[in-house]
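Below is one structure, written out as structure tokens; the observations come after it.
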Amino acid sequence: TQLLEQSPQFLSIQEGENLTVYCNSSSVFSSLQWYRQEPGEGPVLLVTVVTGGEVKKLKRLTFQFGDARKDSSLHITAAQPGDTGLYLCAGKHSGNTPLVFGKGTRLSVIA
Amino acid sequence: NAGVTQTPKFQVLKTGQSMTLQCAQDMNHNSMYWYRQDPGMGLRLIYYSASEGTTDKGEVPNGYNVSRLNKREFSLRLESAAPSQTSVYFCASRAGQVRQETQYFGPGTRLLVL
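Printed below as a string of structure tokens:
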């Protein structure tokens, strides 16, 4: 059962544009993570958010955890072709329960 | 450090054949995981091992078995492969405390079952 819904599923934009990817759930998570996966490779962790309302920035990427800890967003400013990849959100409910992954958003940035 | 390594990288099987996917990590992590990734389905957990000597079922365990051979190695076995098991398989290990954990993934094994 997929408890994390990501939208949009696919996104194709021009270099320099801004975009936002969403990760939503009806469940409360103790923490939420974003991973990026490039073709032929495994996912790589970008960020972890643990506090409701928390905002973290990683260069041109801004991550936000919802106040109720049920949702998160990833905003990319001035997208570049190097941002192309599959973006996955993953949530942890509590303790040692395994991560639950969303289905991902496949981003393509065209030069 | 090599991180998480997986073998083989590619494999083609016929229906009913068996095989074992190997995974090893050199980061001294306690927890290890096996996922499968199918188009449009994200990552789904097959089995995991919270520590050496323990294994637990994930979301999609049917048709698979696992062995946590030692702290470094966690293998996934398909006893009788089926076309529905065609997928990309990722092994991962976990570092850090519970709310600040990081999962490190291997490069994946691409499996085709005919």
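Quick mapping for you: the protein sequence lines, in order, are chains A and B. Take 9 as the starting number for the first sequence in my numbering and just add one per residue. Take 3 as the starting number for the second sequence in my numbering and just add one per residue. We put the CB at the ideal spot given by N, CA and C, even for glycine. Quick caveat, the model's predicted, so the values are computed rather than measured.
As assigned by DSSP and simplified to three states, the class of residue i
i: Gln87 of chain B; result: helix
i: Asp91 of chain A; result: helix
i: Gln13 of chain B; result: strand
i: Arg38 of chain B; result: strand
i: Arg46 of chain B; result: strand
i: Gln22 of chain A; result: strand
i: Arg74 of chain B; result: coil
i: Gln99 of chain B; result: coil
i: Lys111 of chain A; result: coil
i: Ala52 of chain B; result: coil
i: Ala94 of chain B; result: strand
i: His83 of chain A; result: strand
i: Ser33 of chain B; result: strand
i: Asn32 of chain A; result: strand
i: Ala4 of chain B; result: coil
Residue i vs residue j beta-carbon contact at 8 Å
i: Gln8 of chain B; j: Pro109 of chain B; result: yes
i: Leu113 of chain B; j: Ser89 of chain B; result: yes
i: Gly103 of chain A; j: Phe92 of chain B; result: no
i: Asn26 of chain A; j: Ala86 of chain A; result: yes
i: Arg77 of chain A; j: Gly60 of chain A; result: yes
i: Phe109 of chain A; j: Leu19 of chain A; result: no
i: Pro106 of chain A; j: Leu47 of chain B; result: yes
i: Phe73 of chain A; j: Val57 of chain A; result: yes
i: Val6 of chain B; j: Gln27 of chain B; result: yes
i: Leu80 of chain B; j: Gly65 of chain B; result: yes
i: Thr111 of chain B; j: Pro41 of chain B; result: no
Buried or exposed by the 16-neighbour rule on C-beta atoms within 10 Å, applied to residue i
i: Gln99 of chain B; result: exposed
i: Arg68 of chain A; result: exposed
i: Ala146 of chain B; result: The structure shown has nothing for residue 146 of chain B, since chain B only spans 3 to 116.
i: Thr56 of chain B; result: exposed
Integer Cβ distance of residue i from residue j, believed to fall under 8 Å
i: Arg101 of chain B; j: Ser35 of chain A; result: 16 Å between Cβ atoms; not a contact.
i: Thr22 of chain B; j: Ala83 of chain B; result: Incorrect: roughly 11 Å between the Cβ atoms, too far for contact.
Task: chain A contacts made by the stretch 37-49 of chain B, where a contact means CB separation under 7 Å - done: Here the close residues are Gly42, Met43, Gly44, Leu45 and Leu47.
Task: Interface residues of the stretch 34-67 of chain A facing chain B [CB-CB below 7 Å] - done: Within the stretch 34-67 of chain A, the qualifying residues are Ser38, Ser39, Glu49, Gly50, Pro51, Leu53, Thr56 and Val58.
Task: Near-chain A residues of the stretch 55-75 of chain B - C-beta to any C-beta below 9 Å - done: Residues passing the 9 Å Cβ filter: Asp58, Gly60 and Glu61.
Task: Contact set between the stretch 84-103 of chain B and chain A, restricted to residues whose Cβ is under 8 Å from the partner - done: Result list: Phe92, Ala94, Val100, Arg101, Gln102 and Glu103.
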